[in-house]
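Protein chains in written order, with the working numbering: chain A, 1 to 364; chain B, 365 to 728. Heads up, the beta-carbon is just placed ideally off N, CA and C, and yes, glycines get one too. Since this is a predicted model, take the numbers as computed values, not measurements.
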């Protein structure tokens with residue numbers, strides 16, 4: 001389900017490692033500081049929660065989080081970028097609420113994210129995450145499935161035991177989000193099995209929104225709930241996180257084709273070589289152009305020498321890159337409208353804006 | 365995780381299909397009526413909840429519940445025996461609470477049970493459940509995992525949206541139970557991989573308690589919560605369901621070796637032929653008797669003609685059958701003590717007692 005590129009194929013990029021022409025350093029610095037602060041307040045809560053798990057489950061989870069090596073010895077692990085907890089806590093602050101009261105909820109959202117990562121790796125047979133062998137390759141498929149199941153339960157338990165008046169509404173929202181994440185992943189698995197001409201752009205956009213946008217939107221909405229915001233503002237915050245997530249996915253897909261391998265950490269065109277139906281590819285296939293037809297032919301035939309260059313060119317000529325970039329801009333505009341609806345004061349909204357820009361631009 | 369024999373290998377047995385010497389008909393009739401009433405009140409709630417799932421997820425779940433065939437056409441399915449919902453609702457009544465207020469919670473417990481069945485079938489590669497191909501064999505492993513994930517989320521969502529004052533405590537209890545179920549299943553998978561001499565009786569008992577007892581205990585405790593019972597009574601109800609569940613597992617394991625295949629629906633000695641470390645087997649292995657040593661040897665060597673009879677005899681001579689039967693009686697006694705602590709009035713406790721007897725004796 002939704003995952004940031006930096007958490008999958010390559011390791012966490014430096015937050016300030018930004019190309020020329022990217023937003024001015026202060027924005028990146030603000031985001032980096034928000035992420036660092038979120039990590040610092042949420043990680044002790046996460047560790048406490050994980051300590052409550054029975055021994056065998058705990059071992060798998062501690063390995064997954066990078067806190068332990070496979071043999072159970074301590075590791076100086078990097079849990080991930082804590083983008084979702086940062087969205088929860090920054091949304092609380094933006095609405096004038098006290099952050100500490102929402103740390104449990106922020107940890108619960110991060111546990112749900114990690115539950116989906118554990119299960120996604122099993123389903124996608126991904127062997128590496130955060131530069132380390134995935135949990136299922138170390139402990140087996142059953143243990144990875146069970147650790148994910150336990151993390152979902154743990155997240156809900158934490159919310160059910162959290163005395164904050166917003167915790168029950170947050171639990172309902174997070175559970176509804178999990179249903180959406182699962183449906184998104186299910187559609188993704190199904191789409192990858194279908195022929196290139198049997199996939200529509202609307203389907204792929206809806207799938208990406210469910211897989212990547214939903215939990216980011218939920219994180220912002222949970223922050224709104226914990227700050228005591230009204231229903232309309234909470235929905236607007238959800239739109240903000242959701243649309244920013246979709247913008248991220250569009251940009252990530254562009255990078256997956258035209259990105260600099262030295263920066264992205266994956267070989268150029270890797271997505272194309274595995275015939276991935278990423279957003280620019282599906283847009284190109286649906287373009288009705290000669291280049292789109294050529295792309296369909298290339299995707300339907302076995303991989304040959306020289307195919308990669310031709311495929312990249314076909315996606316570009318069919319308008320896949322332009323479409324993805326303008327779609328990403330459109331999604332960011334929608335995100336901004338959601339944000340200003342929920343938090344009209346630009347200064348108060350600054351932290352969330354910085355996080356959204358960090359997420360969508362830093363790897364551009 | 366915990367599952368009743370009638371839901372796995374063979375189909376649902378008739379509740380009144382009971383051998384000579386079993387409890388008097390009225391008890392079985394009372395249990396059958398309680399199960400039927402629970403099914404009638406919970407199934408509409410289950411169907412409503414499942415209808416709220418996105419299309420692709422809903423399809424897998426509707427198939428799993430037996431409401432649809434694999435092609436999506438309606439089926440006159442049998443959802444299962446509804447033992448857990450019946451325990452929730454009967455506990456509520458026993459404590460003088462109104463049953464209708466707890467129907468959502470009863471449905472949530474049943475959803476959790478079915479989430480574990482979907483995942484267990486994937487992990488154990490079981491091909492049949494309730495006389496039908498398991499969901500993963502029809503829709504694939506990914507869809508079955510995701511449908512299970514979604515059912516866990518749906519259960520928590522229902523409790524989070526349930527306005528009953530006990531719903532939050534029930535959500536916490538159910539989530540904690542899921543963690544225990546997962547740990548039990550994890551230990552089970554691990555034990556099956558270990559050599560027969562590397563498994564202790566305490567480990568297998570603890571595993572069976574977590575896998576089979578925990579959710580039955582939780583169902584009773586949730587009923588107690590919804591009836592407004594005090595903490596001590598709720599814990600006593602948990603003990604009742606948990607110990608009755610363990611008694612059931614012990615008896616089920618005995619039947620798996622010495623049961624009448626015509627009644628159990630599985631071939632005699634099937635568990636032994638796959639070298640299953642069931643409770644009577646582990647007791648026999650741990651007995652320190654010559655028969656126990658012979659059993660260890662048989663379990664360590666490849667299956668040969670005549671081995672089955674020798675294995676059955678070795679478990680019996682090593683005291684495995686006697687131990688399991690006296691252990692089951694002991695567990696039922698503990699269950700009864702829990703019940704009478706929570707509900708001292710025998711008349712009020714009658715329904716729960718009938719369900720426990722139904723569960724543990726009907727297939728004896």
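Leaving out five residues before and five after residue 75 of chain A in sequence, what residues of the same chain have Cβ atoms less than 7 Å from its Cβ?
Around residue 75 of chain A, the same chain offers 66, 67, 68 and 69 as residues with beta carbons nearer than 7 Å, after the five sequence neighbours per side are excluded.
Work out the CA separation of residue 543 of chain B and residue 118 of chain A for me, nearest whole Å.
Distance between the alpha carbons of residue 118 of chain A and residue 543 of chain B is about 16 Å.
Measure the C-alpha to C-alpha separation of residue 189 of chain A and residue 282 of chain A and round it to an integer number of angstroms.
When rounded, the distance between both Cα atoms is 15 Å.
Give the residues of chain B in contact with residue 145 of chain A, contact being defined as C-beta atoms less than 8 Å apart.
Going along chain B in sequence order, the residues near residue 145 of chain A (Cβ under 8 Å) are 483, 486, 487 and 509.
Quick one: what does DSSP say residue 194 of chain A is sitting in, helix, strand or coil?
Here DSSP, grouped into helix, strand and coil, assigns residue 194 of chain A to coil.
Report the partner residues of residue 432 of chain B according to the DSSP bridge assignment.
Partner(s): B:438.
Cβ separation of residue 246 of chain A and residue 361 of chain A, assumed to be a contact under 8 Å, to the nearest whole Å:
In fact, because the Cβ distance is near 14 Å, the residues do not count as touching under 8 Å.
Give the straight-line distance between the Cα atoms of residue 549 of chain B and residue 202 of chain A, rounded to the nearest whole angstrom.
When rounded, the distance between both Cα atoms is 40 Å.
In chain B, which residues lie with their C-beta within 9 Å of the C-beta of residue 191 of chain A?
Per Cβ cutoff of 9 Å: no residues; residue 191 of chain A is ~11 Å from chain B at best.
Can you pull the chain B residues whose beta carbon is under 7 Å from the beta carbon of residue 161 of chain A, in chain order?
Neighbours of residue 161 of chain A in chain B, taken as residues at a C-beta separation under 7 Å, are given in chain order as 536.
Which stretch, first to last residue, makes up the alpha helix (DSSP H) that contains residue 568 of chain B?
Unbroken alpha helix (DSSP H) run through residue 568 of chain B: 565-572.
Between the CA atoms of residue 622 of chain B and residue 526 of chain B - distance to the nearest angstrom
Roughly 45 Å separates the two Cα atoms.
Hey, is residue 639 of chain B's beta-carbon within less than 8 Å of any beta-carbon in chain A?
Closer than 8 Å: no.
Since residue 496 of chain B sits in a beta bridge, which residues does DSSP pair it with?
B:493, per the DSSP bridge assignment.
Against chain B, with Cβ distances strictly below 8 Å, would residue 157 of chain A count as a contact?
True, the Cβ-Cβ gap to chain B drops below 8 Å.
Buried or exposed (CB count within 10 angstroms, at least 16 for buried), residue 558 of chain B:
Residue 558 of chain B is exposed by the Cβ-count criterion.
State buried or exposed for residue 633 of chain B, treating a residue as buried only when at least 16 other CB atoms are found within 10 Å of its CB.
Residue 633 of chain B is buried by the Cβ-count criterion.
Is any heavy atom in the ligand NAP found nearer than 7 Å to the beta carbon of residue 645 of chain B?
Among the components of this structure there are no ligands whatsoever, and the ligand NAP is therefore not found.
So, helix, strand or coil for residue 582 of chain B, using DSSP?
Per DSSP, reduced to three states, the secondary structure at residue 582 of chain B is helical.
Kindly indicate the opening and closing residues of the alpha helix (DSSP H) around residue 527 of chain B.
Careful: residue 527 of chain B lies outside any alpha helix (DSSP H) and carries neither H nor E.
Any 3 or more C-beta pairs closer than 8 Å across the stretch 333-350 of chain A and the stretch 91-108 of chain A
Taking 8 Å as the limit for Cβ pairs, the verdict is that the stretch 91-108 of chain A does touch the stretch 333-350 of chain A.
Is residue 515 of chain B near residue 618 of chain B, with beta carbons less than 8 Å apart?
Contact flag unset, no.
Taking residue 452 of chain B as part of the alpha helix (DSSP H), name the residues at either end of that continuous run.
Element bounds for residue 452 of chain B: 447-458.
Verify whether the separation of the beta carbon atoms of residue 510 of chain B and residue 541 of chain B is less than 8 Å.
Result no, Cβ atoms of residue 510 of chain B and residue 541 of chain B do not sit closer than 8 Å.
What three-state label does DSSP hand residue 251 of chain A in the structure shown?
Residue 251 of chain A falls in the helix class under three-state DSSP.
Looking only at its chain, what residues have a beta carbon closer than 8 Å to the beta carbon of residue 513 of chain B, apart from the 5 residues adjacent to it on each side?
Around residue 513 of chain B: 479.
Are the C-beta of residue 152 of chain A and some C-beta of chain B separated by less than 8 Å?
For residue 152 of chain A, the answer is yes, since a Cβ of chain B falls inside 8 Å of its Cβ.
With distances taken between CB atoms, is the gap from residue 466 of chain B to residue 398 of chain B smaller than 8 Å?
Pairing residue 466 of chain B with residue 398 of chain B gives a Cβ-Cβ distance that is not under 8 Å.
Relative to chain A, which residues along the stretch 404-429 of chain B have a C-beta separation below 7 Å, given in chain order?
Cβ contacts with chain A: 417, 418, 420 and 421.
Got a sec: is the Cβ-Cβ distance from residue 199 of chain A to anything in chain B below 8 Å?
At a cut-off of 8 Å between C-beta atoms, residue 199 of chain A does not count as an interface residue with respect to chain B.
List the whole-angstrom C-beta distance separating residue 88 of chain A from residue 222 of chain A, where the pair is believed to meet the contact cut-off of C-beta under 8 Å.
With 8 Å as the limit, residue 88 of chain A and residue 222 of chain A qualify as a contact, their Cβ atoms being about 5 Å apart.
What three-state label does DSSP hand residue 504 of chain B in the structure shown?
Reduced to three states, the DSSP call for residue 504 of chain B is coil.
Can you name the start and end residues of the alpha helix (DSSP H) that residue 275 of chain A belongs to?
Following the DSSP letters along the chain, one finds residue 275 of chain A in no alpha helix (DSSP H), marked with neither H nor E.
Rounded distance between the beta-carbons of residue 427 of chain B and residue 519 of chain B, thought under 8 Å:
Actually they are not in contact, since the Cβ atoms of residue 519 of chain B and residue 427 of chain B sit about 19 Å apart, beyond 8 Å.
Please compile the residues from chain B whose C-beta is within a distance smaller than 9 Å of the C-beta of residue 212 of chain A.
Per Cβ cutoff of 9 Å: no residues; residue 212 of chain A is ~16 Å from chain B at best.
Contacts of residue 235 of chain A in chain B (Cβ-Cβ under 7 Å)
Correct list: empty, because the minimum Cβ distance to chain B is about 17 Å.
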